[in-house]
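A short write-up of the structure that comes next.
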Amino acid sequence: AQSVTQLGSHVSVSEGALVLLRCNYSSSVPPYLFWYVQYPNQGLQLLLKYTSAATLVKGINGFEAEFKKSETSFHLTKPSAHMSDAAEYFCAVSKSGYSTLTFGKGTMLLVSP
Amino acid sequence: NAGVTQTPKFQVLKTGQSMTLQCAQDMNHEYMSWYRQDPGMGLRLIHYSVGAGITDQGEVPNGYNVSRSTTEDFPLRLLSAAPSQTSVYFCASSYVLTGGGTEAFFGQGTRLTVV
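The listed protein sequences derive, respectively, from chains S and F.
Quick note: the first sequence uses the working numbering, first residue 141, plus one each step.
Quick note: the second sequence uses the working numbering, first residue 10, plus one each step.
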């Protein structure tokens, strides 16, 4: 069985500060990992994905994530937060082949001026 | 290029009523799924389909029914609405990535309130 744990239901940063959103996974098989972003009253949009190629994955809007097998982690970072980054972020895992996604509970990112 | 289209966007139901949430995709994906989103719970899988005529249950299937007669459409039926089904519902269309894993595209959601 797969599971995802996102540490911190809310993270607050100042504009221009580093963004770090944490995700740890549990999987009995090599995982495929995703970060999605949800803006208020919107659907989910893919930020980036890890599919066993490069361990450092770059996504849209300046976000990146690093897959660390030894730590079973896939934390999301952005060097400098922007007001427009305020949203809810979800980490998700799937297995090889067709697999439904298992989501974490989400982290709300709050950005203050 | 519509992607995944869900209708309606908002719905209020009375307890005991039934309704169908519509989902259509135009990406010719084989795989489709329904999730519900509740505060602090993330997204939980209700039902999914791996192709026309093939469906299976997810984590929280009780009170919901699905069928898939075409590749494009995957409706979700609430048989007898209960207040516990108040939620935001997302439909997703998926394909298998070349490197493995499954990427999902989501609709804009249906916000359902059961009173």
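From the three backbone atoms N, C-alpha and C, an ideal C-beta is built for every residue, glycine too.
Tell me, please, whether the CB atom of residue 121 (chain F) is closer than 8 Å to any CB atom in chain S?
False, the Cβ-Cβ gap to chain S never drops below 8 Å.
Boundaries of the beta strand (DSSP E) in which residue 204 (chain S) is found, first to last residue:
204–208
Find the nearest neighbour of residue 164 (chain S) within the set S:242, S:251, S:250, judged by alpha-carbon distance.
S:242
Any idea what DSSP makes of residue 224 (chain S), helix, strand or coil?
helix
Compute the distance between the beta-carbons of residue 80 (chain F) and residue 39 (chain F), then report whether it is under 8 Å.
yes
Residues in its own chain within less than 6 Å of residue 234 (chain S) by CB, not counting five upstream and five downstream?
172, 241
Candidates F:91, F:124, F:103: which alpha carbon is nearest residue 36 (chain F)'s?
F:103
Measure from the alpha carbon of residue 31 (chain F) to the alpha carbon of each residue in F:123, F:122, F:118, F:124, then state which is nearest.
F:118
With the cut-off set at 8 Å, would you say residue 89 (chain S) and residue 144 (chain S) are in Cβ contact?
No information on residue 89 (chain S) is available, as it lies outside the stretch 141 to 253 that chain S covers here.
Contact set between residue 50 (chain F) and chain S, taken where Cβ atoms lie within less than 7 Å:
245
Helix, strand or coil for residue 93 (chain F), going by three-state DSSP, please let me know.
helix
Chain F contact for residue 230 (chain S) (CB, 8 Å cutoff):
yes
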